[in-house]
Amino acid sequence: MPPLALGSLPRAILHIDADAFFASCEQANNPSLRGKPVVTGKERGIASAVSYEAKALGIKRGMRIREIKKICPDAIHLPSDYETYSLYSQRVFAIVRRYTDRVEEYSIDECFAELTGLIVSTASTRCSSVPASLRLTNPSITASGPNCHNTASAPSTVKPNVSVLGCRCWAR
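Heads up: the sequence shown begins at 2 in my numbering, then just goes up one per residue.
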(Lines of atoms letter the chains of each structure in order from A and count residues from 1; the text may use other names and numbers.)
(Lines give C-alpha, C1' and ligand atoms only; values in the text may rest on other atoms or scores of the structure.)
Protein backbone atom coordinates (compact mmCIF):
# COMPACT_ATOMS: atom_id res chain seq x y z
CA MET A 1 0.00 0.00 0.00
CA PRO A 2 1.54 3.37 -1.01
CA PRO A 3 2.08 5.97 1.73
CA LEU A 4 -0.46 8.76 2.01
CA ALA A 5 0.56 12.17 0.72
CA LEU A 6 0.45 14.92 3.36
CA GLY A 7 -2.07 16.86 1.24
CA SER A 8 -4.50 13.93 1.35
CA LEU A 9 -4.70 13.91 5.15
CA PRO A 10 -7.40 15.89 6.95
CA ARG A 11 -6.15 18.94 8.85
CA ALA A 12 -5.82 18.46 12.58
CA ILE A 13 -5.40 21.53 14.74
CA LEU A 14 -5.21 21.43 18.52
CA HIS A 15 -6.52 24.58 20.20
CA ILE A 16 -5.47 25.35 23.75
CA ASP A 17 -7.21 28.19 25.57
CA ALA A 18 -6.50 28.51 29.28
CA ASP A 19 -9.76 29.56 30.88
CA ALA A 20 -9.47 31.90 33.90
CA PHE A 21 -5.76 32.04 33.13
CA PHE A 22 -4.71 35.03 35.25
CA ALA A 23 -6.64 33.77 38.28
CA SER A 24 -5.22 30.28 37.69
CA CYS A 25 -1.69 31.69 37.62
CA GLU A 26 -2.32 33.47 40.92
CA GLN A 27 -3.62 30.24 42.47
CA ALA A 28 -0.69 28.26 41.10
CA ASN A 29 1.76 30.85 42.40
CA ASN A 30 0.12 31.03 45.84
CA PRO A 31 -1.40 27.69 46.94
CA SER A 32 -3.28 29.38 49.80
CA LEU A 33 -5.57 30.91 47.13
CA ARG A 34 -6.68 27.52 45.77
CA GLY A 35 -10.35 26.81 46.32
CA LYS A 36 -11.10 30.49 46.99
CA PRO A 37 -12.84 33.11 44.82
CA VAL A 38 -9.98 35.03 43.19
CA VAL A 39 -10.41 38.13 41.03
CA THR A 40 -7.58 39.87 39.17
CA GLY A 41 -7.67 43.43 37.85
CA LYS A 42 -7.95 45.31 41.14
CA GLU A 43 -5.76 48.16 39.80
CA ARG A 44 -8.30 48.91 37.05
CA GLY A 45 -11.37 48.59 39.25
CA ILE A 46 -12.83 45.80 37.10
CA ALA A 47 -12.29 42.05 37.00
CA SER A 48 -9.88 41.02 34.26
CA ALA A 49 -10.05 37.33 35.26
CA VAL A 50 -12.05 35.35 37.81
CA SER A 51 -11.39 31.89 39.22
CA TYR A 52 -13.91 29.09 38.87
CA GLU A 53 -14.78 29.52 42.54
CA ALA A 54 -15.67 33.17 41.82
CA LYS A 55 -17.61 32.22 38.68
CA ALA A 56 -19.69 29.79 40.74
CA LEU A 57 -20.80 32.77 42.86
CA GLY A 58 -21.97 34.73 39.81
CA ILE A 59 -18.87 36.89 39.42
CA LYS A 60 -17.99 37.61 35.80
CA ARG A 61 -15.05 39.07 33.96
CA GLY A 62 -15.56 42.80 33.39
CA MET A 63 -17.61 43.35 36.56
CA ARG A 64 -16.71 46.33 38.73
CA ILE A 65 -14.82 45.48 41.92
CA ARG A 66 -17.39 47.27 44.09
CA GLU A 67 -20.16 45.18 42.50
CA ILE A 68 -18.14 42.03 43.18
CA LYS A 69 -17.71 43.04 46.84
CA LYS A 70 -21.52 43.15 47.18
CA ILE A 71 -21.89 39.66 45.69
CA CYS A 72 -18.97 38.14 47.60
CA PRO A 73 -17.31 40.21 50.32
CA ASP A 74 -14.78 37.38 50.82
CA ALA A 75 -13.54 37.42 47.21
CA ILE A 76 -9.80 37.98 46.99
CA HIS A 77 -9.01 40.97 44.76
CA LEU A 78 -5.50 41.06 43.31
CA PRO A 79 -3.72 43.47 41.00
CA SER A 80 -2.78 41.99 37.63
CA ASP A 81 0.77 40.64 37.53
CA TYR A 82 1.52 40.42 33.81
CA GLU A 83 5.15 39.43 34.39
CA THR A 84 4.01 36.29 36.23
CA TYR A 85 1.30 35.56 33.64
CA SER A 86 3.87 35.88 30.87
CA LEU A 87 6.16 33.36 32.61
CA TYR A 88 3.29 30.86 32.97
CA SER A 89 2.33 31.49 29.34
CA GLN A 90 5.88 30.70 28.20
CA ARG A 91 5.78 27.47 30.25
CA VAL A 92 2.48 26.43 28.66
CA PHE A 93 3.72 27.11 25.11
CA ALA A 94 7.00 25.27 25.83
CA ILE A 95 5.02 22.23 26.96
CA VAL A 96 2.90 22.32 23.79
CA ARG A 97 6.09 22.52 21.70
CA ARG A 98 7.22 19.21 23.24
CA TYR A 99 4.44 17.61 21.18
CA THR A 100 4.77 19.59 17.94
CA ASP A 101 6.98 22.39 16.70
CA ARG A 102 4.13 23.87 14.66
CA VAL A 103 2.61 26.17 17.31
CA GLU A 104 0.97 29.54 16.72
CA GLU A 105 0.72 31.69 19.84
CA TYR A 106 -2.57 33.53 19.54
CA SER A 107 -2.63 35.39 22.87
CA ILE A 108 -1.01 35.15 26.31
CA ASP A 109 -3.23 32.17 27.17
CA GLU A 110 -4.15 30.66 23.82
CA CYS A 111 -2.41 28.83 20.99
CA PHE A 112 -3.00 26.55 18.03
CA ALA A 113 -0.87 23.47 17.37
CA GLU A 114 -0.79 21.83 13.95
CA LEU A 115 -1.04 18.04 14.18
CA THR A 116 -1.80 17.38 10.50
CA GLY A 117 0.26 14.53 9.14
CA LEU A 118 0.74 12.75 12.42
CA ILE A 119 -0.55 9.21 12.53
CA VAL A 120 -4.05 9.32 14.05
CA SER A 121 -3.06 7.36 17.14
CA THR A 122 -0.08 9.69 17.64
CA ALA A 123 -2.23 12.82 17.33
CA SER A 124 -4.79 11.38 19.73
CA THR A 125 -2.09 10.44 22.23
CA ARG A 126 -0.57 13.91 22.00
CA CYS A 127 -3.95 15.58 22.48
CA SER A 128 -4.62 13.58 25.61
CA SER A 129 -1.09 13.98 27.04
CA VAL A 130 -0.85 17.77 26.80
CA PRO A 131 -3.05 18.54 29.83
CA ALA A 132 -1.20 16.13 32.07
CA SER A 133 1.81 18.36 31.47
CA LEU A 134 -0.06 21.62 32.07
CA ARG A 135 -0.17 21.73 35.85
CA LEU A 136 -2.00 24.92 36.78
CA THR A 137 -4.95 24.98 39.15
CA ASN A 138 -7.96 25.62 36.95
CA PRO A 139 -9.29 24.21 33.71
CA SER A 140 -8.69 24.93 30.11
CA ILE A 141 -10.38 23.83 26.99
CA THR A 142 -8.49 21.85 24.44
CA ALA A 143 -10.26 21.35 21.15
CA SER A 144 -9.36 19.94 17.79
CA GLY A 145 -10.85 20.77 14.44
CA PRO A 146 -10.03 21.16 10.75
CA ASN A 147 -8.98 24.82 11.01
CA CYS A 148 -8.35 27.58 13.54
CA HIS A 149 -11.85 29.10 13.23
CA ASN A 150 -13.74 25.84 13.79
CA THR A 151 -11.39 24.79 16.56
CA ALA A 152 -11.69 28.07 18.46
CA SER A 153 -15.49 28.02 18.23
CA ALA A 154 -15.85 24.91 20.39
CA PRO A 155 -18.77 25.45 22.76
CA SER A 156 -17.93 26.68 26.25
CA THR A 157 -20.04 23.85 27.68
CA VAL A 158 -17.19 21.41 27.03
CA LYS A 159 -14.90 23.27 29.44
CA PRO A 160 -14.02 20.88 32.23
CA ASN A 161 -14.16 21.84 35.88
CA VAL A 162 -11.17 20.06 37.34
CA SER A 163 -8.12 21.02 39.36
CA VAL A 164 -5.67 20.78 36.49
CA LEU A 165 -5.71 22.38 33.05
CA GLY A 166 -7.97 19.78 31.46
CA CYS A 167 -8.21 18.42 27.96
CA ARG A 168 -11.37 17.97 26.01
CA CYS A 169 -11.19 17.11 22.36
CA TRP A 170 -13.99 18.44 20.23
CA ALA A 171 -14.32 18.36 16.48
CA ARG A 172 -16.87 19.96 14.23
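Every residue, glycine too, gets a C-beta built ideally from N, C-alpha and C.
- Task: My understanding is that P38 touches D75, with C-beta atoms under 8 angstroms, so please give their C-beta distance in whole angstroms.
- Result: Indeed they touch by this definition, with Cβ atoms about 7 angstroms apart.
- Query: Are the beta-carbon atoms belonging to G63 and I72 less than 8 angstroms from one another?
  - Reply: Cβ distance not < 8 angstroms, so G63 and I72 don't count as in contact.
- Query: Which residues in the same chain have their Cβ closer than 8 angstroms to the Cβ of I66, if we skip the five residues on either side of it in sequence?
  - Reply: Within the same chain, I66 has close Cβ partners V40, G42, K43, G46, I47, A48, H78.
- From E27 to D20, what does the alpha carbon distance come to, in whole angstroms? Going from the Cα of E27 to the Cα of D20 covers about 13 angstroms.
- Message: One question on the structure: do A55 and F22 come within less than 8 angstroms of each other, judged by their Cβ atoms?
- Response: Here A55 is not near F22, since their CB atoms are 8 angstroms or more apart.
- Query: DSSP state of R65, grouped into three classes?
  - Reply: It is a strand residue.
- Item | Strand pairing of V51, partner residues [DSSP] | Looking at the DSSP assignment, V51 forms a beta bridge with V40.
- Between the Cα of Y83 and the Cα atoms of E105, S25, V97, T101, which residue gives the shortest distance? Measuring C-alpha to C-alpha distances from Y83 to each of E105, S25, V97, T101 identifies S25 as the nearest.
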